[in-house]
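Residue numbers (this note's numbering): 1451 to 1528.
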């Protein structure tokens, strides 16, 4: 699994998950329990991971939906 998205914004995370789900891209959301511990402060971001072989497709999908500029999506290392 590769890190695709890291955010404190639950709306952005939910939107990204819906896009991936609709495209049939397997994904996993991490750190939900840790973020609950911080209360409403929002200091612990949630992470969204995708299968390595579909990372480029998932990245394009989020960028096409406008999430590339609005969120911190790490650039793929070469």
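From the three backbone atoms N, C-alpha and C, an ideal C-beta is built for every residue, glycine too.
**Asked** Going along the chain, which residues of its own chain have a beta-carbon closer than 7 Å to the beta-carbon of residue 1469, five neighbours each way excluded?
**Response** 1511, 1512, 1515
**Request:** Using the Cα positions of residue 1506 and residue 1496, report the straight-line distance between them to the nearest angstrom.
**Result:** 20 Å
**Request:** Would you list the residues sitting across from residue 1497 in a DSSP beta bridge?
**Result:** 1456, 1480
**Asked** Looking at the unbroken alpha helix (DSSP H) that takes in residue 1509, where does it start and where does it end?
**Response** 1505–1514
**Message:** If you reduce the DSSP assignment to three classes, tell me which class residue 1518 lands in.
**Reply:** helix
**Request:** Since I believe residue 1463 is in contact with residue 1479 (beta carbons under 8 Å), could you give me their beta-carbon distance rounded to a whole number of angstroms?
**Result:** 7 Å
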